[in-house]
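All letters in the sequence shown, in the order written, are residues 1 to 93 by full-length UniProt numbering.
In this text, a Cβ means the ideal position worked out from N, Cα and C, and glycines have one as well.
Just so it is clear, the structure is predicted and the values come from calculations on it, not from any experiment.
One structure is given here, and the rest of the page talks about it.
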Amino acid sequence: MATATARHLLVESEELCNELKQRIANGEDFGALAQEFSQCPSGANGGDLGRFSQGQMVPEFDTVVFNEAVNVVHGPVKTDFGYHLLETTSRED
């Protein structure tokens with residue numbers, strides 16, 4: 001079964017999510033922004049979600065984490081929780 005490690009950042013608005021994505025693209029640290037802005041408890045750890053298997057996270061996460069490029073910030077990804085930036089840091093099939 002496929003597994004991956006990833007980190008994410010969760011905010012309430014798509015606008016803020018896009019703003020933070022641009023800040024990361026301009027060189028700001030994903031982890032530091034997650035600590036400051038993320039509304040998920042993982043924000044305290046820079047958004048680190050650890051290692052998980054396909055199917056353990058919400059479907060919107062799986063689509064990105066198990067199909068999109070590794071070490072690239074993706075999003076905004078909308079879920080019932082809000083808007084996320086996602087970065088898959090490793091993936092094994």
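Proximity of the region 10 to 25 to the region 49 to 58 falls short of the contact definition, fewer than three beta-carbon pairs being nearer than 8 Å. Within the same chain, and ignoring the five residues on either side of S13 in sequence, the residues whose Cβ sits closer than 7 Å to its Cβ are Y83. Separation of T3 and V64 (C-alpha to C-alpha, rounded to the nearest whole angstrom) is 13 Å. Shown here, F81 sits in coil according to DSSP, grouped into three states, outside any helix or strand.
One thing to note: L10 has its Cβ no nearer than 7 Å to the Cβ of S53. Comparing C-alpha distances from N71 to each of D80, K78 and L85 shows the shortest one belongs to L85.
For the region 2 to 63, the full-length beta strand (DSSP E) segments reaching 3 residues or more read 3 to 11 and 48 to 53 along the chain.
Within a 10 Å sphere around the beta-carbon of P76 sit 16 or more other beta-carbons, which makes this residue buried. Only residues of its own chain outside the window of five on either side were considered, and among them A4, T5 and V70 have a CB closer than 7 Å to the CB of S90, listed in chain order.
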